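Letter by letter, the sequence shown follows residues -22 to -1, 1 to 157 of mature numbering (1 follows the signal peptide of the UniProt record, and there is no 0).
Idealized CB from N, CA, C, for every residue including glycine.
Keep in mind it's a predicted model, so treat the numbers as computed, not measured.
Beneath this line is the structure, given in structure tokens, with notes to follow.
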Amino acid sequence: MGKKEIVSFLSILLLLVASSKGLNEFDYYQVIFQWQPGVCSSSTLKSPFVKPPQNKYTIHGVWPSLTSGNATKCSGTPPYDGTKINAIRSRLDQDWPSVVYGTNPTLWSHEWKTHGTCSNYYLNQYNYFNFGLSVFGKYNMISILRKYGTNPNGNEYSIDYIENAIYNATVKMASPSLQ
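Next up, the structure:
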């Protein structure tokens, strides 16, 4: 694909945290924001979207990651327990909804098992999801991109332009690669 891309449906903010060792090893968290219309129009989408997309960014996940670029290997335990996030359920429904995974709890269970269990030593299930909500609340991605002249209107913008806008607003790189 060329240097031009449609405004990203995944905007990644990298946050450094303490490292862990062995299984569940990671160096930092990526808080993954998704532009819902971009997700639903993705050519890689394996199933139809669950609900009509809204014109907004939402959270897709919080991914413990390695600076080497290698995939993290999470233990998958402890298992997802929806009762542990009841206190933030309404915020999760609004800011971390499922776009393609069925119900919201289906997405949250997947995210916890696949990514959250890596961070259980640092963030229990409640704190893992609350951390994602906290970071999401700090960065209004539409305002950030508009400030730098990028609008989610179907126009094409270079990846470098989008990454620079995110970096200038957050002082965090939108990488390892903007998708």
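The alpha helix (DSSP H) enclosing residue i, as first and last residue numbers
i: G110; result: Q103 to K116
i: E141; result: I137 to T148
i: S121; result: M119 to K125
Residue closest to residue i, alpha-carbon to alpha-carbon, out of the options
i: N108; options: V9, I122 and G80; result: V9
i: G115; options: K62, T81, L44 and T148; result: T148
i: P56; options: N2, V77, L123 and P15; result: N2
i: V40; options: S121, L85, R124 and K125; result: L85
i: N146; options: Y135, K125 and S112; result: K125
CA-to-CA distance, residue j to residue i, given in whole angstroms
i: D59; j: N133; result: 41 Å
i: G94; j: Y7; result: 10 Å
i: F11; j: R67; result: 18 Å
i: E141; j: M119; result: 12 Å
i: A65; j: D71; result: 12 Å
i: T81; j: D138; result: 35 Å
i: N105; j: S97; result: 10 Å
i: E(-18); j: W13; result: The predicted position of E(-18) is uncertain, since its pLDDT is 36 and thus under 50; a value taken from the coordinates is nonetheless stated next. In a straight line, the C-alpha of E(-18) is about 14 Å away from that of W13.
i: I37; j: P75; result: 7 Å
i: W90; j: L123; result: 29 Å
Endpoints, the beta strand (DSSP E) within which residue i is located
i: Y7; result: Y6 to W13
Contact between the segment 43 to 50 and the segment 99 to 111: three or more CB pairs below 8 Å?
With a cut-off of 8 Å, the segment 99 to 111 and the segment 43 to 50 do not count as touching, because too few Cβ pairs lie within range.
Checklist line | Every unbroken alpha helix (DSSP H) within the segment 43 to 85, with a cutoff of 4 residues, ordered by chain | finding: If we require 4 residues or more, the alpha helix (DSSP H) runs fully inside the segment 43 to 85 come out as 67 to 73.
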